[in-house]
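K.L.:
Protein chains: 2
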Amino acid sequence: MRALAVEDDPRIAADLQAALTAAGFRVEMTGDGEDAWFLGDTEDYDLVVLDLGLPSLDGLAVLKRWRANGRTMPVLVLTARGTWQERVEGIEAGADDYLPKPFRMEELIARARALVRRAGGHAAALQEAGELSLDTNRMGVAIRGVPVQVTALEYRLLAYLMQHRDRPVPPTELLEHLYGDDDAREANALEAVIARLRRKLGPGVIGTRRGFGYFLEAA
Amino acid sequence: MRALAVEDDPRIAADLQAALTAAGFRVEMTGDGEDAWFLGDTEDYDLVVLDLGLPSLDGLAVLKRWRANGRTMPVLVLTARGTWQERVEGIEAGADDYLPKPFRMEELIARARALVRRAGGHAAALQEAGELSLDTNRMGVAIRGVPVQVTALEYRLLAYLMQHRDRPVPPTELLEHLYGDDDAREANALEAVIARLRRKLGPGVIGTRRGFGYFLEAA
DNA sequence: GGCAACCTGACAGCAAGCTGACAATCAGGG
DNA sequence: CCCTGATTGTCAGCTTGCTGTCAGGTTGCC
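As given, the protein sequences belong to chains A and B, one line each in that order.
Position one of the first sequence corresponds to residue 2 (the numbering used here), numbered consecutively onward.
Position one of the second sequence corresponds to residue 2 (the numbering used here), numbered consecutively onward.
#1: Identify whether G214/B lies in helix, strand or coil by the three-state DSSP scheme.
#2: Please go through the region 142-166 of chain A and give each complete beta strand (DSSP E) segment of 3 or more residues, from N-terminal end onward.
#3: In the region 156-181 of chain B, which residues sit with their C-beta less than 7 Å from some C-beta in chain A, listed in chain order?
#4: Thinking E218/A and G208/A are a contact (beta carbons under 8 Å), I'd like their distance in whole angstroms, please.
#5: From L154/A, L135/A, A160/A, R157/A, pick the residue whose C-alpha is nearest to that of P148/A; which is it?
#6: Please specify which runs of the beta strand (DSSP E), each continuous and at least 3 residues long, are wholly inside the region 11-57 of chain B, giving them in chain order.
#7: Applying the criterion that 16 or more other CB atoms from any shown protein chain within 10 Å of the CB defines a buried residue, is G203/B buried or exposed?
#8: State the CB to CB distance for the pair A4/A and V50/A, rounded to an integer number of angstroms; the pair is presumed to be in contact (CB under 8 Å).
#9: Once DSSP output is grouped into helix, strand and coil, what is the label at G205/A?
#10: Note down the Cα distance separating F213/A from T173/A, rounded to an integer number of angstroms.
#11: Applying a beta-carbon distance threshold of less than 7 Å, which residues of chain B neighbour N138/A?
#12: Just verifying my parser: in three-state terms, what is the DSSP assignment at E8/A?
#13: Compare the C-beta of M106/A with all C-beta atoms of chain B and state if any pair is closer than 8 Å.
#14: Quick check: the region 101-114 of chain B against the region 30-40 of chain B, are there 3 or more CB pairs under 8 Å?
#15: For L127/A, which residues does DSSP report across the bridge?
#16: Return no unless some Cβ of chain B is closer than 8 Å to the Cβ of T152/A.
#17: By the criterion of Cβ-Cβ separation under 7 Å, what are the contact partners of F213/B in chain A?
#18: For the beta strand (DSSP E) containing P101/A, list its first residue and its last residue.
#19: Is it true that the CB of L133/B sits closer than 8 Å to the CB of V78/B?
#20: Using a Cβ-Cβ cutoff of less than 6 Å, which residues in the same chain neighbour D47/B once the five nearest sequence positions on both sides are dropped?
#21: Name the one or two DSSP bridge partners that T73/A has.
#22: From the DSSP output, which residues share a beta bridge with T80/A?
#23: Taking L176/A as the reference, give the member of A96/A, L158/A, R211/A, P101/A with the closest Cα.
#24: List the DSSP bridge partners of R3/B.
#25: So, are the CB atoms of V7/A and G54/A less than 8 Å apart?
#26: According to the Cβ coordinates, are D52/A and D9/A closer than 8 Å?
#27: Tell me the DSSP secondary structure of G122/A in three-state form.
#28: Label L127/A either buried or exposed according to how many other C-beta atoms from any shown protein chain fall within 10 Å of its C-beta, with 16 as the threshold for buried.
#29: Taking Cβ-Cβ distances shorter than 7 Å, what residues in chain A pair up with A111/B?
#30: Go ahead and label R72/B buried or exposed: buried means 16 or more other beta carbons lie within 10 angstroms of its beta carbon, across all protein chains shown.
#31: Quick check on A125/A - is its C-beta less than 8 Å from some C-beta in chain B?
#32: What residue from T22/B, L100/B, D98/B, L58/B has the CA that sits closest to G32/B's CA?
#33: Within the continuous alpha helix (DSSP H) that includes P172/B, where are the two ends?
#34: Tell me, to the nearest whole angstrom, how far the beta carbon of F216/B is from that of L154/B; I am working on the premise that it is less than 8 Å.
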């Protein structure tokens, strides 16, 4: 059970970490909105506890951006004042449950467990597309169940394609994701990575739509 | 790892036995409360899975009598209806974790493992990965049963890897865990510790996945 | 056919990681 | 308070294997 707790108040953060850990979660913490967004977008958690009052990027915005990107992990939202409007706002942004401060840790844990249970025990640590499967926890790749060694860069590429498997991803976007847009590479660098991956994975895994981009072939 | 499962529903009992066995436990079963109490009181288990709804002697009563007798093994309680009161009742009776039915076996196993891992001072706290074993009580390390002398820092590193043995742990995360992120060290400090540990433990214990991180071989 | 997008094998540069040596630091004892 | 040994961070030089670039090929589209 992997959990992400987003909370900027150090005291509450410490309590959260203790309680979640005691409840059997492997806990990761952050107090920064940007940081939270990145983690939630790239890692797979079974549960996210999200405080709305954050510096650098508001909690609601973080949540909306996750949902917009198709991330579906259960999110439990914490907020200082539980007004009616705020509650609706939270739910509409994609929160699965909502807990107004102050709250008792026991209740938080109980709700957290309920959420996780409802989500089916574990959010997909295994993502699949056709014959390809990614284990986002152990950073492993397998083709038809057979493990394949890939490098960190190759893995990031696959993970990104997996996350957007519903559409072809244009090379520019991939380049921007793999390297910063500031640090420019030749477009060919990407093609090289793709070629190496295809050699490892075999045919029928990574497809090309000329002019549109790359995609993972569905079953 | 020795486990006792107390469950009167034959179908669930069979599933429990299968799942726990597959997870590496040596499993003993009983469906009777008196029987369970006697076993738990006289034998040493690393884990007990206890259903509350039992004939002849209620699960809660069994648990209370164990605790009253000073038995401290980790107990995971199963119950049909997960109301808040029942939950508190279970915890107060001395349960270490609580799982409402229906549940998925995967979740039970995950929680069971978490319990055993954090059992800490009570039941035998031996964690193993391949040829390596950690005694979390006495902070001792042994390789294939032969004790190895390690320093405090080295031990903390091993313990962290052990706790996350299902995935490669990136150097940044290790650095952050070993030292505070505030107090910055050269990345090389970590490599030095790893090198020293490898010299002590021999090959085939700490592995590297370039670009991903370090891990314990042969979970 | 010609152009542009894309592929691929080879290769060199480079960064991640390893290791031995040494110095700074810490802990404990006199 | 200093001495001593153990621990641990830093440095320098090394190995390894990832990865960007290049050159040349292939494919699809107008």
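Ideal Cβ positions, reconstructed from N, Cα and C, are used throughout, including at glycine.
P.N.:
Reading it off the structure:
#1: Position 213 of the second sequence, counting from 1, holds the residue named residue 214/B. G214/B falls in the strand class under three-state DSSP.
#2: Fully enclosed beta strand (DSSP E) runs of 3 or longer: 147-149.
#3: For the region 156-181 of chain B, which is checked against every Cβ of chain A, the residues closer than 7 Å are D167, R168, P169.
#4: Here residue 218/A refers to the residue found at position 217 of the first sequence. Here residue 208/A refers to the residue found at position 207 of the first sequence. Sure, about 5 Å apart at Cβ, within 8 Å.
#5: The residue you call residue 148/A lines up with position 147 of the first sequence. The shortest Cα separation from P148/A among L154/A, L135/A, A160/A, R157/A belongs to L135/A.
#6: Runs of the beta strand (DSSP E) inside the region 11-57 of chain B: 27-31, 48-52.
#7: For the purposes of this step, residue 203/B is taken as the residue at position 202 of the second sequence. Of the residues assessed, G203/B falls on the exposed side of the cut-off, its CB having fewer than 16 other CB atoms within 10 angstroms.
#8: What you label residue 4/A is simply residue 3 of the first sequence in a count that begins at 1. What you label residue 50/A is simply residue 49 of the first sequence in a count that begins at 1. A4/A to V50/A, Cβ: 7 Å. Contact.
#9: As a first step, residue 205/A is located in the first sequence; it is residue number 204 there, counting from the start. It is coil, neither helix nor strand.
#10: Here residue 213/A corresponds to residue number 212 of the first sequence, with the count starting at 1. Here residue 173/A corresponds to residue number 172 of the first sequence, with the count starting at 1. About 10 Å.
#11: Start at 1 with the first residue of the first sequence, and residue 138/A comes out as number 137. Going along chain B in sequence order, the residues near N138/A (Cβ under 7 Å) are D167, R168.
#12: On the first sequence, position 7 is the one that residue 8/A refers to. For E8/A, the three-state secondary structure derived from DSSP is coil.
#13: Locating residue 106/A in the first sequence gives position 105, counting from the first residue. Taking a beta-carbon distance threshold of 8 Å, M106/A does not count as an interface residue toward chain B.
#14: They do not touch, by the three-pair rule.
#15: Residue mapping note: residue 127/A aligns to position 126 of the first sequence, counting from 1. Per DSSP, D136/A.
#16: Taking the first sequence and counting its residues from 1, the one referred to as residue 152/A is at position 151. Chain B contact via Cβ: present.
#17: Working through the second sequence from its first residue, we reach residue 213/B at position 212. Going along chain A in sequence order, the residues near F213/B (Cβ under 7 Å) are M140, A153.
#18: In the first sequence, the residue the question calls residue 101/A occupies position 100. Taken as a continuous stretch (DSSP letters only), the beta strand (DSSP E) holding P101/A covers 98-101.
#19: Here residue 78/B refers to the residue found at position 77 when the second sequence is read from its first residue. Here residue 133/B refers to the residue found at position 132 when the second sequence is read from its first residue. Using a Cβ distance threshold of 8 Å, V78/B and L133/B do not count as a contacting pair.
#20: Here residue 47/B refers to the residue found at position 46 of the second sequence. Excluding its 5 nearest sequence neighbours in each direction, D47/B has C-beta neighbours in its own chain below 6 Å: M2, R3, V117, A124, listed in chain order.
#21: Reading the first sequence from its first residue, position 72 is the one you call residue 73/A. T73/A is not bridged to any residue.
#22: On the first sequence, position 79 is the one that residue 80/A refers to. According to DSSP, which records beta bridges pairwise, T80/A is partnered with P101/A.
#23: Mapped onto the first sequence, residue 176/A falls at position 175. Nearest option by C-alpha distance: L158/A.
#24: In the second sequence, residue 3/B corresponds to position 2, counting from 1. R27/B, per the DSSP bridge assignment.
#25: Start at 1 with the first residue of the first sequence, and residue 7/A comes out as number 6. Start at 1 with the first residue of the first sequence, and residue 54/A comes out as number 53. Contact: no.
#26: In the first sequence, counting from the first residue as 1, residue 52/A sits at position 51. In the first sequence, counting from the first residue as 1, residue 9/A sits at position 8. Between D52/A and D9/A, the C-beta spacing is below 8 Å.
#27: As a first step, residue 122/A must be located in the first sequence, where it is residue number 121. For G122/A, the predicted model reports a pLDDT of 42, less than 50, meaning its position is unreliable and no value from the coordinates is stated.
#28: Your numbering for residue 127/A matches position 126 in the first sequence. Counting Cβ neighbours within 10 Å, L127/A comes out exposed, since fewer than 16 surround it.
#29: On the second sequence, position 110 is the one that residue 111/B refers to. Neighbours of A111/B across chain A, judged by C-beta separation under 7 Å: M2.
#30: Your numbering for residue 72/B matches position 71 in the second sequence. The C-beta of R72/B has 16 or more other C-beta atoms within 10 Å across all chains shown, which makes the residue buried.
#31: Position 124 of the first sequence holds residue 125/A. Below a pLDDT of 50, predicted positions are generally treated as unreliable, and A125/A, at 48, falls in that range; the measurement from the model is reported next regardless. Chain B contact via Cβ: absent.
#32: Indexing the second sequence from 1 puts residue 32/B at position 31. Ranked by how close their Cα comes to the Cα of G32/B, the residues T22/B, L100/B, D98/B, L58/B have L58/B in first place.
#33: In the second sequence, the residue the question calls residue 172/B occupies position 171. Per DSSP, P172/B belongs to the alpha helix (DSSP H) from 172-179.
#34: The residue given as residue 216/B occupies position 215 in the second sequence. The residue given as residue 154/B occupies position 153 in the second sequence. A Cβ-Cβ distance of about 19 Å is found for the pair F216/B and L154/B, leaving them out of contact under the 8 Å criterion.
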